[in-house]
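Numbering-wise (this note's numbering), the sequence shown opens with residue 735 and increments by one.
Structure first, commentary second.
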Amino acid sequence: MEDDSHRIRPAGRHLLTIGRDLIQDHYAAVIELVKNAYDADSPDVTISFSVPEKRDRLIITVEDSGHGMTRDTVINKWLVPSTDDKLKRKASPGGRTMQGRKGIGRYAAALLGADLSMETVAEGNETTVVVQWDLFEKAEYLDDVEILVETRPTAASNGTKLTMTAPSEVIELWQDGELDTLEYELKKLISPVEYHSENTQSFVIHLKCDNFWEGDDKEYNQDKEIEPFPIFDLYDYRISGSINSDGTGKLTFSNQKAKNTLDESMEFDLDQSTGCGILKLDIRVYDREPDAIDAIIKRGLTDPYGNYVGKLEARRLLDRSNGIGVYRNGFRIRPLGDADFDWLKLNEQRVQNPSMRIGSNQVIGYVQIQSEELSGLEEKSARDGLKDNGAYKRLRAITGEIISSLETKRFEYRKKAGLSRKTLKVEREFERLFSFEEIKESVRKTLNKGGVDKNTSNQVLALLDEKEKESNKLSEDIKQTVAIYQGQATLGKIVKVVLHEGRKPLGFFTNQIKNFGYWAGVLAEKNDREALDEMKTIMRGMSDNSQIFVSLFKRIDPLASGRRANRKDFDLLHEIRGSVSVFDHEIKESKVTVNIAADNELVTMFGWNQDIYIILTNLIDNSLFWMDHKDIQEKWIDIQIESEDGKLIHMDYRDSGPGIEESLINNGVIFDPEFSTKPEGTGLGLAIAGEAAARNGLMLKAFSSETGAYFRMQPEEGDEE
């Protein structure tokens, strides 16, 4: 038996694993080195791509004028992988929040060249280090590689210069738009708001190319300052502000599309803590119709020479610069904010509701988050985003809710300005479509003017009358079909109710069928009394659970009908109670008190009872969603019916939810198809409910209320409040 101690000895290539395998790509490698310059309190950093006349190699340098490093710092910190120096210090001597935390960013240099030369000046001394990465490939153990560190006095200013040399074939890797992409990444690296702020320390990034392309006609053979995309300030709509960690905050909505408008302040309250710290947001949206693109250009979208760009270039700029970035301490966390990384799933939501929702190619913005300790938002080791933990899920949900507020304001404005598609009322549009009155009047006048005799004229008009009757029959058939589809669409909204209530009895049948078979076998074999009793118990359970299915299907049957019967008299209270019963389980589970009251127990209506189900089902579904979503403590739904001589005067529907914004009620957009304030709503519910009411000679209206949502259903000829 052998018993002794040993040390873990990292392999030589371990250092290359840190640099080449943990850093996402060569853009990320450059960004890591830029962040190091920021941590050194440098006011600027210059990234240079240089190719000698022989074009036999590529030289990449990253140079800053920060505080530099002493020989001791180089040996005991810079040469120590995964040091926790920055993690402990948290802030630089100049007060900047440290970007580096894991102690591996400097090894990104291994991704950019075959060797690295570092020259750093501090306290009147220059320290030089040369690292050849292939030595680590060949070495068995990490400590087998010796690195020469030279220090000598100098009169040079403090700062650090990293020089990475790569073979000639690497030149090609940075061609074909790769440097364009690097410039794009650097433009999005720093928040545009931070860039223009007078309250933040200046940090300027320069990108320089020297003889990189053969010839002098390429714009990159120059020194350029990296600035945010110019389109950032030319938005149509904007929502900005901050959310405190307790979930409260203030937002401001701005509209540059409308002339002479004031910014609108909005209170924000999650009714709970954010779960991801304090958030600062600035989200800007751009309409993309041709007229909207023209307006953006006229606001000042110019090229570097001051000339207005064309429509195609403006669209390309939007395509390239869009995305909502997440920034920590002023720097973006890649890939959040990349044009092709839709971390908020905006495009998925837009497919469901294109008039209401915005796509990722319409938005540019940022979300500023706190440190990992304060927010719980942790970066992945490979520098490729945030860990998908609870804090990240909350960040997505809160950002989505704020975007939804912007979408609501945008939809409202576009409707007022006539920019949205015109909303059609199905019933009335069908009547107009199939009405021949205007045509008959025109034909009559034309025939009279043409001197056609009265008998012939009447025959022509009789043919039109016959055609009108056929068309009216077709119109009724289509309206009936639309009504069926609306009922089935409503049924689709409550499919979770059906599944939830049906799951328990279905589980009983699935499990007990096996037991029934077992006891039947025992009874057949032994004529056992106990087996008979067990079978009777199972049969009673089957009967009870069958009744659950019968009750469930009976409640949803009005919505599931494949055909619509003729209109008839029906008991309104009976239909209302039936609609409420569809949600029995959800009402009990969410502890919602439901009150239904009427001044007369029998209120008769003439129409389609299915439509009452459609109206109430959509109202109740909305109430349950919002009371749960906003975590309302006292949840209730109140339905009051007022009648006269057994005929409806009005039905008032109220709940204790968050209510509806008054401006949305006043302009009527809540009944427009595709309008929804739900995070993933399709905007069909209230539109369908309104159509169902109109089919029965009723109107459904919303009123402002201090206690929650308030709807009134009343005959069209009734008095309005």
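C-beta atoms are modelled at their ideal positions from N, C-alpha and C, and glycine is treated no differently.
On a predicted model such as this, the values are computed, not experimentally measured, just so you know.
#1: Quick one: grab the DSSP three-state call for residue 1160.
#2: Please say whether residue 1098 and residue 965 have beta carbons closer to each other than 8 Å?
#3: State whether the segment 1082–1097 contacts the segment 1054–1067, with contact taken as three or more CB pairs (one from each stretch) at a distance under 8 Å.
#4: Give me the Cα-Cα distance between residue 937 and residue 974, rounded to the nearest whole angstrom.
#5: Grouping DSSP H, G and I as helix and E and B as strand, with all else coil, what is residue 1090?
#6: Taking the runs of the beta strand (DSSP E) that are 3 residues or longer, which of them lie wholly in the segment 1036–1112?
#7: Is it buried or exposed for residue 887, if we count other Cβ within 10 angstroms and need 16 for buried?
#8: Indicate the three-state DSSP secondary structure (helix, strand or coil) for residue 1359 in the structure shown.
#9: Output yes or no for whether 8 Å exceeds the beta carbon distance between residue 1031 and residue 1020.
#10: Give a yes or no on contact between the segment 1012–1028 and the segment 1114–1127, applying the rule of three or more CB pairs nearer than 8 Å.
#11: Would you list the one or two residues that DSSP bridges to residue 1340?
#12: So, is residue 984 buried or exposed, given that buried needs 16 or more other C-beta atoms within 10 angstroms?
#13: Near residue 744, which residues of its chain fall below 6 Å by C-beta distance, leaving aside the five closest residues on each side in sequence?
#14: With 16 as the cutoff for other CB atoms within 10 Å, does residue 1133 come out buried or exposed?
#15: Return yes when the Cβ of residue 847 is within less than 8 Å of the Cβ of residue 894, no when it is not.
#16: Apart from the five residues just before and just after residue 1004, which ones in its own chain have a Cβ nearer than 6 Å to its Cβ?
#17: What span of residues does the alpha helix (DSSP H) with residue 1321 cover, start to end?
#18: Nearest-angstrom Cα distance between residue 1447 and residue 1321?
#19: Measuring straight from C-alpha to C-alpha, what distance separates residue 770 and residue 892?
#20: Do residue 1012 and residue 977 count as a contact pair if the criterion is CB distance below 8 Å?
#21: Within the same chain, show all residues whose beta-carbon is closer than 8 Å to that of residue 859, passing over the 5 residues directly before and after it, in chain order.
#22: What three-state label does DSSP hand residue 1420 in the structure shown?
#23: Considering just the uninterrupted stretch of the beta strand (DSSP E) at residue 760, what are its terminal residues?
#24: I need the straight-line Cα distance from residue 1398 to residue 1420, nearest angstrom please.
#25: Residue 1125 and residue 1010 look like a contact to me (Cβ under 8 Å); what is the Cβ gap, rounded to whole Å?
#26: From residue 1418 to residue 1140, what does the alpha carbon distance come to, in whole angstroms?
#27: Which runs of the beta strand (DSSP E) at least 3 residues long sit entirely within the segment 855–888? Give them in chain order.
#28: For residue 839, name the three-state secondary structure that DSSP assigns.
#29: Please report the distance separating the alpha-carbon of residue 1065 from that of residue 1402.
#30: Going by C-alpha to C-alpha distance, which of 1425, 1131, 1439 sits closest to residue 1391?
#31: On the three-state DSSP scale, how would you describe residue 1145?
#32: Buried or exposed: residue 1317, going by 16 or more other Cβ atoms within 10 Å of its Cβ?
#33: Pick from 1072, 1041, 1063, 1040: whose alpha carbon is nearest that of residue 1052?
#34: Quick check on DSSP: helix, strand or coil for residue 1440?
#35: Measure the Cβ-Cβ separation of residue 1389 and residue 1361 and say whether it is below 8 Å.
#36: Buried or exposed for residue 1110, please, with buried defined as at least 16 other CB atoms from any protein chain shown within 10 angstroms of its CB.
Working from what's here:
#1: Residue numbering aside, residue 1160 sits at position 426 when the sequence shown is read from its first letter. Because residue 1160 sits at a pLDDT of 49, beneath the cut-off of 50, its placement in the model cannot be relied upon, and the point is left open.
#2: Here residue 965 refers to the residue found at position 231 when the sequence shown is read from its first residue. Here residue 1098 refers to the residue found at position 364 when the sequence shown is read from its first residue. Yes. Within cutoff.
#3: By the Cβ rule, the segment 1082–1097 counts as touching the segment 1054–1067, because three or more pairs are nearer than 8 Å.
#4: The count along the sequence shown starts at 1 and reaches residue 937 at position 203. The count along the sequence shown starts at 1 and reaches residue 974 at position 240. Roughly 24 Å separates the two Cα atoms.
#5: Here residue 1090 refers to the residue found at position 356 of the sequence shown. In the structure shown, residue 1090 sits in coil (DSSP, three-state: anything other than H, G, I, E or B).
#6: Counting only runs of at least 3 residues, the segment 1036–1112 fully encloses the following beta strand (DSSP E) elements, listed from N- to C-terminal order: 1057–1062, 1097–1103.
#7: Sequence index remark: in the sequence shown, residue 887 carries index 153 (1-based). Exposed, since its Cβ has fewer than 16 Cβ neighbours within 10 Å.
#8: As a working mapping, residue 1359 is identified with position 625 in the sequence shown. In this structure, residue 1359 counts as helix in the three-state DSSP scheme.
#9: Taking the first residue of the sequence shown as 1, we reach residue 1031 at position 297. Taking the first residue of the sequence shown as 1, we reach residue 1020 at position 286. Remark: C-beta atoms of residue 1031 and residue 1020 do not approach each other more closely than 8 Å.
#10: A contact is defined here as three or more CB-CB pairs under 8 Å, and the segment 1012–1028 fails this definition with respect to the segment 1114–1127.
#11: On the sequence shown, residue 1340 is found 606 positions in, with the first residue counted as 1. BP columns for residue 1340 point to 1303.
#12: Numbered from its first residue, the sequence shown carries residue 984 at position 250. The residue is exposed, with fewer than 16 neighbouring Cβ atoms inside 10 Å.
#13: If you number the sequence shown from 1, residue 744 lands on position 10. Excluding five sequence positions before and after residue 744, the CB atoms of its chain that fall closer than 6 Å to its own CB belong to 876, given in chain order.
#14: Position 399 of the sequence shown holds residue 1133. With 16 or more Cβ atoms within 10 Å of its Cβ, residue 1133 is classed as buried.
#15: Sequence index remark: in the sequence shown, residue 894 carries index 160 (1-based). Sequence index remark: in the sequence shown, residue 847 carries index 113 (1-based). Between residue 894 and residue 847, the C-beta gap is not smaller than 8 Å, which leaves the two residues out of contact.
#16: Reading the sequence shown from its first residue, position 270 is the one you call residue 1004. Hits under 6 Å: 981.
#17: On the sequence shown, residue 1321 is found 587 positions in, with the first residue counted as 1. DSSP places residue 1321 inside the alpha helix (DSSP H), whose first and last residues are 1318–1323.
#18: Locating residue 1447 in the sequence shown gives position 713, where the first residue counts as 1. Locating residue 1321 in the sequence shown gives position 587, where the first residue counts as 1. Between residue 1447 and residue 1321, the alpha-carbon positions lie close to 22 Å from each other.
#19: Within the sequence shown, the letter at position 36 stands for residue 770. Within the sequence shown, the letter at position 158 stands for residue 892. Near 15 Å, if we compare the C-alpha coordinates of residue 892 and residue 770.
#20: Numbered from 1 along the sequence shown, position 243 holds the residue referred to as residue 977. Numbered from 1 along the sequence shown, position 278 holds the residue referred to as residue 1012. Contact check for residue 977 against residue 1012 passes: the beta carbons are separated by less than 8 Å.
#21: Mapped onto the sequence shown, residue 859 falls at position 125. The beta carbon of residue 859 lies closer than 8 Å to those of 804, 805, 885, 886, 887, 888 in the same chain, with the five residues before and after it left out.
#22: Stepping through the sequence shown from its first residue, residue 1420 is reached at position 686. Helix.
#23: Mapped onto the sequence shown, residue 760 falls at position 26. From DSSP, residue 760 is part of no beta strand (DSSP E) but of the alpha helix (DSSP H) over 760–773.
#24: Looking up residue 1398 in the sequence shown gives position 664. Looking up residue 1420 in the sequence shown gives position 686. Approximately 13 Å between the Cα atoms of the pair.
#25: Translated into positions along the sequence shown, residue 1125 becomes position 391. Translated into positions along the sequence shown, residue 1010 becomes position 276. The C-beta distance from residue 1125 to residue 1010 rounds to 4 Å, short enough to fall under 8 Å.
#26: Residue 1418 sits at position 684 when you count from the first residue of the sequence shown. Residue 1140 sits at position 406 when you count from the first residue of the sequence shown. In a straight line, the C-alpha of residue 1418 is about 20 Å away from that of residue 1140.
#27: The DSSP assignment places complete beta strand (DSSP E) segments of no fewer than 3 residues inside the segment 855–888 at 859–866, 883–887, in order along the chain.
#28: For the purposes of this step, residue 839 is identified with residue 105 of the sequence shown, where counting begins at 1. Correct three-state label for residue 839: helix.
#29: Here residue 1065 corresponds to residue number 331 of the sequence shown, with the count starting at 1. Here residue 1402 corresponds to residue number 668 of the sequence shown, with the count starting at 1. Straight-line spacing of the CA atoms in residue 1065 and residue 1402 works out to 42 Å.
#30: Here residue 1391 refers to the residue found at position 657 of the sequence shown. Nearest C-alpha to residue 1391 among 1425, 1131, 1439: 1439.
#31: For the purposes of this step, residue 1145 is taken as the residue at position 411 of the sequence shown. Three-state result, residue 1145: helix.
#32: For the purposes of this step, residue 1317 is taken as the residue at position 583 of the sequence shown. Residue 1317 should be labelled buried.
#33: Translated into positions along the sequence shown, residue 1052 becomes position 318. Looking at 1072, 1041, 1063, 1040, the one whose alpha-carbon comes closest to that of residue 1052 is 1072.
#34: To locate residue 1440, count along the sequence shown from 1; it is residue 706. If DSSP states are grouped into helix, strand and coil, residue 1440 belongs with coil.
#35: Residue mapping note: residue 1389 aligns to position 655 of the sequence shown, counting from 1. Residue mapping note: residue 1361 aligns to position 627 of the sequence shown, counting from 1. Residue 1361 is positioned such that its CB atom lies closer than 8 Å to that of residue 1389.
#36: The count along the sequence shown starts at 1 and reaches residue 1110 at position 376. Burial call: buried.
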